[in-house]
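Novice: The sequence shown: position 135 = 135 (full-length UniProt numbering), numbered continuously.
Below you'll find the structure I mean.
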Amino acid sequence: MVNIYLGPAGIPISLRGKGSKEAIEFISKIKLNAMEIEFVRGVKMSLKTSRELGEAAREYGVRLSVHAPYYINLCSPERDKVEASKRRIYESVERAHEMGADAIAIHAGYYGRFSEEQCYSMIKDSLIEIIDKMKENGIDGVKLGVETMAKETAFGTIDEVIRISKEVEGVIPYIDWSHTFARQGGKIDYDEILSRLEKELRLTHINSHFQSLKFSKGRFIDVHETVDKNAPPFRPLAETLLKRDISITLICESPKMEEDALVMKSILESLGYKLE
(Lines of atoms letter the chains of each structure in order from A and count residues from 1; the text may use other names and numbers.)
(Lines give C-alpha, C1' and ligand atoms only; values in the text may rest on other atoms or scores of the structure.)
Protein backbone atom coordinates (compact mmCIF):
# COMPACT_ATOMS: atom_id res chain seq x y z
CA MET A 1 0.00 0.00 0.00
CA VAL A 2 1.23 3.49 -0.83
CA ASN A 3 2.18 5.84 2.02
CA ILE A 4 1.99 9.53 1.08
CA TYR A 5 3.49 12.55 2.84
CA LEU A 6 2.12 15.83 1.51
CA GLY A 7 2.87 19.45 2.39
CA PRO A 8 4.28 22.83 1.36
CA ALA A 9 7.73 24.03 0.37
CA GLY A 10 8.57 26.26 3.31
CA ILE A 11 6.43 28.43 5.54
CA PRO A 12 2.85 28.54 4.22
CA ILE A 13 1.74 31.74 2.48
CA SER A 14 -0.90 32.36 5.14
CA LEU A 15 1.81 32.30 7.84
CA ARG A 16 4.34 34.67 6.27
CA GLY A 17 6.16 36.49 9.02
CA LYS A 18 6.00 33.46 11.28
CA GLY A 19 8.68 30.86 11.85
CA SER A 20 9.15 27.25 10.84
CA LYS A 21 8.04 25.90 14.23
CA GLU A 22 4.68 27.68 13.90
CA ALA A 23 4.49 26.40 10.33
CA ILE A 24 4.89 22.79 11.45
CA GLU A 25 2.04 23.15 13.94
CA PHE A 26 -0.14 24.84 11.29
CA ILE A 27 0.58 22.12 8.74
CA SER A 28 -0.54 19.49 11.22
CA LYS A 29 -3.71 21.45 12.02
CA ILE A 30 -4.75 21.58 8.36
CA LYS A 31 -4.19 17.82 8.15
CA LEU A 32 -1.05 17.78 6.02
CA ASN A 33 1.97 15.74 7.06
CA ALA A 34 5.12 17.02 5.33
CA MET A 35 7.18 20.19 4.99
CA GLU A 36 10.34 21.10 3.11
CA ILE A 37 12.61 23.48 5.01
CA GLU A 38 13.88 26.06 2.53
CA PHE A 39 17.52 27.17 2.59
CA VAL A 40 17.24 28.43 -0.99
CA ARG A 41 18.55 31.93 -0.15
CA GLY A 42 21.28 30.65 2.11
CA VAL A 43 21.80 28.43 5.15
CA LYS A 44 21.07 30.82 8.00
CA MET A 45 19.42 28.48 10.51
CA SER A 46 21.45 27.44 13.56
CA LEU A 47 21.99 23.82 14.52
CA LYS A 48 20.09 24.48 17.75
CA THR A 49 17.05 25.77 15.86
CA SER A 50 17.30 22.78 13.54
CA ARG A 51 17.11 20.42 16.51
CA GLU A 52 14.09 22.30 17.86
CA LEU A 53 12.35 22.01 14.48
CA GLY A 54 12.95 18.28 14.53
CA GLU A 55 11.37 18.02 17.96
CA ALA A 56 8.32 19.96 16.76
CA ALA A 57 8.04 17.84 13.63
CA ARG A 58 8.07 14.63 15.65
CA GLU A 59 5.50 16.05 18.07
CA TYR A 60 3.09 16.99 15.27
CA GLY A 61 3.77 14.07 12.93
CA VAL A 62 5.25 16.12 10.08
CA ARG A 63 7.92 14.57 7.84
CA LEU A 64 10.75 16.99 7.03
CA SER A 65 13.02 17.40 4.04
CA VAL A 66 15.34 20.28 3.10
CA HIS A 67 16.05 22.35 -0.01
CA ALA A 68 19.69 23.39 -0.37
CA PRO A 69 20.57 26.91 -1.61
CA TYR A 70 20.00 27.80 -5.24
CA TYR A 71 23.53 29.21 -5.39
CA ILE A 72 25.14 25.87 -6.21
CA ASN A 73 27.06 24.87 -9.31
CA LEU A 74 29.23 21.79 -9.02
CA CYS A 75 30.07 22.20 -12.73
CA SER A 76 31.54 25.67 -12.42
CA PRO A 77 34.92 26.19 -14.13
CA GLU A 78 35.84 28.36 -11.12
CA ARG A 79 37.22 26.20 -8.33
CA ASP A 80 36.17 28.60 -5.57
CA LYS A 81 32.54 28.40 -6.71
CA VAL A 82 32.63 24.61 -6.62
CA GLU A 83 34.11 24.69 -3.12
CA ALA A 84 31.46 27.20 -1.98
CA SER A 85 28.78 24.96 -3.49
CA LYS A 86 30.05 21.92 -1.60
CA ARG A 87 30.14 23.94 1.61
CA ARG A 88 26.51 25.06 1.15
CA ILE A 89 25.40 21.50 0.51
CA TYR A 90 27.21 20.24 3.60
CA GLU A 91 25.78 23.02 5.77
CA SER A 92 22.33 21.94 4.55
CA VAL A 93 23.16 18.32 5.39
CA GLU A 94 24.21 19.22 8.94
CA ARG A 95 20.91 20.95 9.61
CA ALA A 96 18.90 18.22 7.93
CA HIS A 97 20.65 15.73 10.22
CA GLU A 98 19.88 17.76 13.33
CA MET A 99 16.17 18.07 12.48
CA GLY A 100 15.77 14.47 11.34
CA ALA A 101 15.04 15.35 7.71
CA ASP A 102 15.45 12.44 5.34
CA ALA A 103 16.82 14.18 2.22
CA ILE A 104 17.94 17.46 0.73
CA ALA A 105 17.01 18.72 -2.73
CA ILE A 106 20.01 19.96 -4.72
CA HIS A 107 20.17 21.89 -8.00
CA ALA A 108 23.49 20.29 -8.83
CA GLY A 109 24.86 22.44 -11.63
CA TYR A 110 24.84 23.77 -15.19
CA TYR A 111 26.72 22.36 -18.16
CA GLY A 112 28.18 25.71 -19.22
CA ARG A 113 31.40 25.18 -21.18
CA PHE A 114 31.55 21.48 -20.29
CA SER A 115 30.04 18.51 -22.06
CA GLU A 116 27.24 16.63 -20.33
CA GLU A 117 29.65 13.82 -19.48
CA GLN A 118 32.28 16.19 -18.08
CA CYS A 119 29.66 17.87 -15.94
CA TYR A 120 28.41 14.48 -14.75
CA SER A 121 31.91 13.50 -13.62
CA MET A 122 32.45 16.80 -11.80
CA ILE A 123 29.16 16.49 -9.94
CA LYS A 124 29.80 12.86 -9.09
CA ASP A 125 33.24 13.64 -7.65
CA SER A 126 31.85 16.46 -5.50
CA LEU A 127 28.98 14.36 -4.16
CA ILE A 128 31.35 11.53 -3.26
CA GLU A 129 33.52 14.03 -1.37
CA ILE A 130 30.49 15.34 0.55
CA ILE A 131 29.30 11.83 1.40
CA ASP A 132 32.77 10.88 2.63
CA LYS A 133 32.68 13.89 4.95
CA MET A 134 29.21 12.89 6.14
CA LYS A 135 30.50 9.41 6.99
CA GLU A 136 33.48 10.86 8.87
CA ASN A 137 31.06 12.87 11.01
CA GLY A 138 28.56 10.08 11.61
CA ILE A 139 25.80 11.46 9.38
CA ASP A 140 24.07 8.56 7.67
CA GLY A 141 20.34 9.32 7.73
CA VAL A 142 20.31 12.11 5.14
CA LYS A 143 20.22 11.43 1.41
CA LEU A 144 21.63 13.83 -1.18
CA GLY A 145 18.73 14.37 -3.57
CA VAL A 146 19.79 15.44 -7.05
CA GLU A 147 16.77 17.28 -8.42
CA THR A 148 15.41 16.82 -11.92
CA MET A 149 15.58 20.16 -13.71
CA ALA A 150 13.45 21.87 -16.36
CA LYS A 151 16.10 23.90 -18.18
CA GLU A 152 18.13 22.15 -20.86
CA THR A 153 21.22 24.02 -19.66
CA ALA A 154 20.99 22.35 -16.25
CA PHE A 155 22.20 18.97 -15.09
CA GLY A 156 19.16 16.95 -14.12
CA THR A 157 17.47 14.80 -16.72
CA ILE A 158 15.68 11.76 -15.34
CA ASP A 159 18.41 9.57 -16.86
CA GLU A 160 21.19 11.60 -15.23
CA VAL A 161 19.70 11.54 -11.74
CA ILE A 162 18.99 7.82 -11.91
CA ARG A 163 22.49 7.08 -13.20
CA ILE A 164 24.26 9.09 -10.51
CA SER A 165 22.05 7.50 -7.84
CA LYS A 166 23.12 4.07 -9.08
CA GLU A 167 26.79 4.99 -8.99
CA VAL A 168 27.02 6.94 -5.72
CA GLU A 169 25.72 5.39 -2.51
CA GLY A 170 23.81 7.98 -0.50
CA VAL A 171 22.55 9.87 -3.56
CA ILE A 172 18.91 9.65 -4.67
CA PRO A 173 16.80 11.32 -7.34
CA TYR A 174 14.72 14.22 -6.04
CA ILE A 175 11.94 14.11 -8.61
CA ASP A 176 10.41 17.42 -9.60
CA TRP A 177 7.49 16.14 -11.64
CA SER A 178 6.85 19.42 -13.46
CA HIS A 179 10.54 19.94 -14.24
CA THR A 180 10.67 16.49 -15.80
CA PHE A 181 7.44 17.23 -17.68
CA ALA A 182 8.99 20.41 -19.13
CA ARG A 183 12.37 18.79 -19.87
CA GLN A 184 10.53 16.11 -21.86
CA GLY A 185 8.67 18.63 -24.00
CA GLY A 186 5.41 18.63 -22.07
CA LYS A 187 5.15 14.86 -21.74
CA ILE A 188 5.43 12.62 -18.70
CA ASP A 189 4.82 8.95 -18.04
CA TYR A 190 4.40 8.68 -14.27
CA ASP A 191 4.19 4.90 -14.32
CA GLU A 192 7.43 4.54 -16.27
CA ILE A 193 9.35 6.85 -13.93
CA LEU A 194 8.04 5.16 -10.79
CA SER A 195 8.86 1.75 -12.23
CA ARG A 196 12.43 2.84 -12.97
CA LEU A 197 12.89 4.21 -9.45
CA GLU A 198 11.63 0.98 -7.94
CA LYS A 199 13.33 -1.49 -10.27
CA GLU A 200 16.64 0.25 -11.04
CA LEU A 201 17.26 1.85 -7.64
CA ARG A 202 15.14 -0.32 -5.32
CA LEU A 203 13.79 2.84 -3.71
CA THR A 204 11.25 2.36 -0.94
CA HIS A 205 10.70 6.11 -0.49
CA ILE A 206 10.65 8.83 -3.15
CA ASN A 207 11.21 12.53 -2.48
CA SER A 208 9.50 14.86 -4.93
CA HIS A 209 8.10 18.29 -5.80
CA PHE A 210 4.83 19.05 -7.55
CA GLN A 211 3.34 22.18 -9.14
CA SER A 212 2.32 23.34 -12.61
CA LEU A 213 4.54 25.27 -15.00
CA LYS A 214 3.82 28.18 -17.31
CA PHE A 215 3.47 27.67 -21.06
CA SER A 216 5.20 30.42 -23.05
CA LYS A 217 6.30 30.72 -26.68
CA GLY A 218 5.55 27.13 -27.52
CA ARG A 219 7.12 25.43 -24.51
CA PHE A 220 6.83 24.96 -20.77
CA ILE A 221 9.18 27.15 -18.75
CA ASP A 222 10.29 27.01 -15.13
CA VAL A 223 7.76 29.51 -13.80
CA HIS A 224 5.57 27.91 -11.16
CA GLU A 225 1.79 28.04 -11.44
CA THR A 226 -1.12 26.58 -9.48
CA VAL A 227 -1.92 22.90 -9.85
CA ASP A 228 -5.26 23.59 -11.56
CA LYS A 229 -3.27 24.51 -14.69
CA ASN A 230 -2.64 20.76 -15.10
CA ALA A 231 0.85 21.19 -16.50
CA PRO A 232 1.39 18.41 -15.61
CA PRO A 233 -1.91 17.06 -14.22
CA PHE A 234 -1.84 15.68 -10.67
CA ARG A 235 -4.74 13.21 -10.83
CA PRO A 236 -2.93 10.71 -13.11
CA LEU A 237 0.04 10.72 -10.73
CA ALA A 238 -2.29 10.13 -7.78
CA GLU A 239 -3.99 7.27 -9.60
CA THR A 240 -0.64 5.70 -10.45
CA LEU A 241 0.66 6.03 -6.88
CA LEU A 242 -2.39 4.35 -5.40
CA LYS A 243 -1.66 1.23 -7.43
CA ARG A 244 1.80 0.88 -5.88
CA ASP A 245 3.37 -0.31 -2.66
CA ILE A 246 5.71 2.63 -2.07
CA SER A 247 6.25 5.64 0.18
CA ILE A 248 6.50 9.15 -1.30
CA THR A 249 6.86 12.75 -0.17
CA LEU A 250 5.02 15.27 -2.36
CA ILE A 251 6.13 18.84 -1.67
CA CYS A 252 3.90 21.45 -3.28
CA GLU A 253 5.85 24.34 -4.81
CA SER A 254 2.95 26.22 -6.39
CA PRO A 255 2.40 29.95 -5.72
CA LYS A 256 -0.47 28.88 -3.42
CA MET A 257 1.41 26.03 -1.87
CA GLU A 258 -0.68 25.10 1.17
CA GLU A 259 -3.94 25.70 -0.73
CA ASP A 260 -2.75 23.54 -3.59
CA ALA A 261 -1.43 20.88 -1.21
CA LEU A 262 -4.98 20.69 0.12
CA VAL A 263 -6.29 20.47 -3.45
CA MET A 264 -3.92 17.56 -4.02
CA LYS A 265 -5.11 16.01 -0.75
CA SER A 266 -8.74 16.29 -1.88
CA ILE A 267 -7.88 14.54 -5.16
CA LEU A 268 -6.24 11.72 -3.23
CA GLU A 269 -9.29 11.49 -0.95
CA SER A 270 -11.61 11.36 -3.96
CA LEU A 271 -9.65 8.29 -5.04
CA GLY A 272 -10.06 6.67 -1.64
CA TYR A 273 -6.76 7.58 0.04
CA LYS A 274 -6.56 9.23 3.46
CA LEU A 275 -3.39 10.92 4.72
CA GLU A 276 -2.16 9.46 8.01
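For each residue, glycine too, the CB sits at the ideal point set by N, CA and C.
Just so we're clear, the structure is a prediction, and the values are computed from it rather than from any experiment.
Among the residues of its own chain, which have a CB less than 8 Å from the CB of Ala57, if the five just before and after it don't count?
Specialist: Around Ala57: Ile24, Met35, Arg63, Leu64, Met99 and Gly100.
Novice: Using only CA atoms, which one of Ile131, Arg79 and Ile251 lies nearest to Asp7?
Specialist: The sequence shown places Gly at residue 7, not Asp. Looking at the Cα atoms, Ile251 is the closest of the given residues.
Novice: Consult DSSP for Val40 and reduce its assignment to one of helix, strand or coil.
Specialist: Note: Val40 maps to coil in three-state DSSP.
Novice: Give me, in chain order, the residues of the same chain whose beta-carbon lies closer than 6 Å to that of Gly54; leave out the 5 immediate sequence neighbours on both sides.
Specialist: These residues qualify, in order along the chain: Met99 and Gly100.
Novice: So, at 8 Å on beta carbons, what are the nonlocal neighbours of Glu169 in its own chain, with the 5 sequence-adjacent residues on each side left out?
Specialist: Excluding positions up to five away in sequence, the list reads Ile131.
Novice: Does the stretch 172 to 179 come within contact of the stretch 125 to 139, defined as at least 3 CB pairs closer than 8 Å?
Specialist: No, the stretch 172 to 179 does not touch the stretch 125 to 139.
Novice: Mind reading off the beta-carbon distance from Ser85 to Ile104? Whole number of angstroms is fine, and I expect it under 8 Å.
Specialist: Actually they do not touch by this definition, with Cβ atoms about 13 Å apart.
Novice: With distance defined between alpha-carbon atoms, name the residue in Pro232, Glu117, Phe210 and Glu200 nearest to Gln184.
Specialist: That would be Pro232, whose Cα lies nearest to the Cα of Gln184.
Novice: For the stretch 233 to 240 against the stretch 185 to 199, are there 3 or more C-beta pairs whose distance is under 8 Å?
Specialist: The answer is yes - the stretch 185 to 199 touches the stretch 233 to 240, with three or more Cβ pairs under 8 Å.
Novice: According to DSSP, simplified to helix, strand and coil, what is Leu97?
Specialist: Looking at the sequence provided, one finds His at residue 97 rather than Leu. Reduced to three states, the DSSP call for His97 is helix.
Novice: Would Asp228 be called buried (16 or more neighbouring beta carbons within 10 Å of its own) or exposed?
Specialist: Burial call: exposed.
Novice: Considering only the beta carbon of each residue, do Leu74 and Ala96 sit closer than 8 Å?
Specialist: No, the pair does not count as a contact, with Cβ atoms beyond the cut-off.
Novice: With distances taken Cα to Cα, identify the nearest neighbour of Glu116 among Val171, Ile164 and Ile128.
Specialist: The shortest Cα separation from Glu116 among Val171, Ile164 and Ile128 belongs to Ile164.
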